[in-house]
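Here the protein sequences come in this chain order: A and B.
The numbers in our numbering rise by one with no breaks, and the one at position 34 of the first sequence is 34.
The numbers in our numbering rise by one with no breaks, and the one at position 233 of the second sequence is 1233.
Using N, Cα and C, we set each Cβ at its ideal position, and we do this for glycine too.
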Amino acid sequence: MTTIDIDEDEAGTGLITLVVTVVEILFDALEREAVRRMESGRLADEEIERLGRQLQAIETEVESLKASEGIEESVSDLRDDLDGLVWDALEGLDEDHSRSKKPGYTVFRGEHE
Amino acid sequence: MTHEPTSLENEQVGKEAGDRARPSGAKRRTSQPGATSKTDFDAGRYLYCLVDVEEDRDLETVGIESEPVRLITNDGIGAVVHDCESVYDSDDHTEIHRWLVRHQSVTDEAAAVFGTPLPFQFATIIRGGDDVVCEWLENERDHIEDTLRSLADHWEYRIEIVRTDPIGEEALEASDDHLTELRADIEAAGPGKRYLLESKYEDRLEQLRAARNQALVTDVLTRLDAHAREVHPVDSPPGGALEGRRSRDNAGTSIGRLTILARADDEEAIGSVLDDVVDNPGLEVTFTGPWAPYSFTPAFGEETGEESDGD
């Protein structure tokens, strides 16, 4: 199982990293939705402009926070970890359900002594 | 669901040659006096690999924890083992790494003496004595002999293609009308809309890069197929096709991992294909092997293990 390692000595930084990472993920989803709405043709030009400016401001703020806290790398690492976690979960869906429940070893044959 | 360990236990390890140093299971190495836990037993044989011993040769080496390695033979099939009384597990990664390296070294030494072995995963233990091993070899004889014959003189090789420099934006824009249009729209837009269009532009860039990378890997796979008996991609990167897993030293992005079953004589031809790949700017290739054919060795006896659940 993938574990996310947060240094206990830097729990505060770890917490900020976690929060900023979650914010980034939400922001990405928000950005995709904004692009989708822009392409839908249902937004007026002014609305598109306002939406874009707001997102840009949020992104600038998040980047600024990351820089001031020195957590750019740890946020990136955590996102990679989360990617791996999701990937493992997706791979797990493809496997035989019973296999995923096996213990760390497999019994082939014979009698218990 | 839990299994009741009986005669043959196998602590699961990534079966891929490249992942052989990463046990996926974790158990304590138990040895309390009088304990009859699943991980203790009176007699066991730690199994490294199976070999063809048609010719009268022996293997003298030491295995995990300096245990003397020996050969249990049964009419032409040899099991490379050491005697043990418990499974191998530890919370100490250094210790596990040391065991894994020794496991691999023994398999390599067996390969040097007997030719291509059928390698077993780390911590495969047959519960019981030599007689149990012989009985198992006999029961699996047809399967083992067929596999040994089939894999004889073949080895596993691993290839990882790493892109150290992303494909240039200009090159992609020049070949994609959609990107060209987006660029024009961006330049004509106000700051807010420009921000959204740039996001779209970046997404398109990544899609094109992923497609180019995938095409390259597919081309390499096809070309290698002409020189190898089997070529297979090894898993896919997290994040789907858009972003590859970063290579271990973070010096680039892994865009494809392949495992190959080939003869040693084919190494040069395979190397030549890979030389062509690294001639492309921004690409690196790691090529490792020959390994014992871990990824091409079928499972032995797992079906009976499933059945033993209800025993």
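Fill in: Proximal residues, the region 1181-1192 of chain B versus chain A, C-beta separation under 7 Å
G1190, P1191, G1192
Practice prompt. Quick one: using the 10 Å Cβ neighbour count with 16 as the cut-off for buried, is I1077(B) buried or exposed?
Written response: buried
Discussion item. By alpha-carbon positions, which one of A1123(B), D1092(B), W1155(B), G1044(B) ends up nearest to E1267(B)?
Written reply: W1155(B)
Worksheet item: Can you find at least 3 beta carbon pairs, one from the region 1096-1116 of chain B and one from the region 1055-1066 of chain B, that sit closer than 8 Å?
Response: yes
Worksheet item: Taking the continuous alpha helix (DSSP H) assigned at Y1294(B), which residues delimit it?
Response: Y1294(B) -> no alpha helix (DSSP H), and no H or E assigned at all.
Worksheet entry | the region 15-45 of chain A: positions lying closer than 7 Å to chain B by Cβ | E31, A34, V35, M38
Discussion item. Any C-beta of chain A within less than 7 Å: which residues of the region 1198-1212 of chain B qualify?
Written reply: S1199, K1200
Fill in: Three-state secondary structure (DSSP) of G1115(B)
coil
Worksheet item: Under three-state DSSP, which class holds I71(A)?
Response: coil
Discussion item. Counting only beta-carbon separations shorter than 8 Å, does R970(B) have a partner in chain A?
Written reply: A question about residue 970(B) goes unanswered here, because the residues of chain B that appear run from 1001 up to 1311.
Discussion item. Can you tell me which residues form a DSSP beta bridge with A1079(B)?
Written reply: L1050(B), I1072(B)
Item to complete: Can you tell me which of A1123(B), E1054(B), D1075(B), F1296(B) puts its alpha carbon nearest to the alpha carbon of G1044(B)?
Response: A1123(B)
Practice prompt. Examine chain A for any beta-carbon lying closer than 8 Å to the beta-carbon of Y1195(B), and answer yes or no.
Written response: yes
Item to complete: Verify the CB distance criterion: does L78(A) have a CB-CB separation below 8 Å to chain B?
Response: no
Fill in: Own chain residues within Cβ distance below 7 Å of I58(A), not counting five before or after
F27
Practice prompt. Please classify W1291(B): is it buried, with 16 or more other beta-carbons within 10 angstroms of its beta-carbon, or exposed?
Written response: buried
Fill in: Chain-order list of residues whose beta-carbon lies under 7 Å from that of A1264(B) (same chain, five-residue window excluded)
W1155, P1290
Worksheet item: Any idea if N1213(B) is buried or exposed, counting beta-carbon neighbours within 10 angstroms, 16 or more meaning buried?
Response: buried
Worksheet item: Taking 8 Å as the CB-CB limit, is E49(A) close to chain B?
Response: yes
Worksheet item: Between the region 1122-1139 of chain B and the region 1217-1227 of chain B, are three or more C-beta pairs nearer than 8 Å?
Response: no
Worksheet item: Taking DSSP as the reference, what is the three-state secondary structure of D1165(B)?
Response: coil
Worksheet item: Distance, Cα to Cα, L1050(B) vs S64(A)?
Response: 59 Å
Worksheet entry | Segments assigned alpha helix (DSSP H), at least 4 residues, entirely inside the region 1143-1207 of chain B | 1169-1174, 1177-1188
Worksheet item: Under 8 Å between C-beta atoms, does G92(A) make it to chain B?
Response: no
Worksheet item: What's the gap between the Cα of S1066(B) and the Cα of F1041(B)?
Response: 20 Å
Worksheet entry | Close Cβ partners of M38(A) (< 7 Å) along its chain, the five nearest in sequence each way excluded | I48
Discussion item. Are the CB atoms of Y1046(B) and I1064(B) within a distance shorter than 8 Å?
Written reply: yes
Practice prompt. Indicate the three-state DSSP secondary structure (helix, strand or coil) for V1013(B) in the structure shown.
Written response: Residue placement at V1013(B) is flagged as unreliable, the pLDDT there being 32, under the threshold of 50; the coordinate-derived value follows with that caveat. DSSP places V1013(B) in strand when its eight states are reduced to three.
Fill in: CA-to-CA distance, A1226(B) to D1089(B), given in whole angstroms
42 Å
Item to complete: Go ahead and label A1210(B) buried or exposed: buried means 16 or more other beta carbons lie within 10 angstroms of its beta carbon, across all protein chains shown.
Response: buried
Practice prompt. Look up P1233(B) in the DSSP assignment and give the residues it is bridged to.
Written response: L1258(B)
Worksheet item: In the structure shown, what three-state DSSP assignment does L1242(B) receive?
Response: With a pLDDT of 36 at L1242(B), under the threshold of 50, the modelled position of that residue is not reliable, and the figure given next carries that caveat. It is coil, neither helix nor strand.
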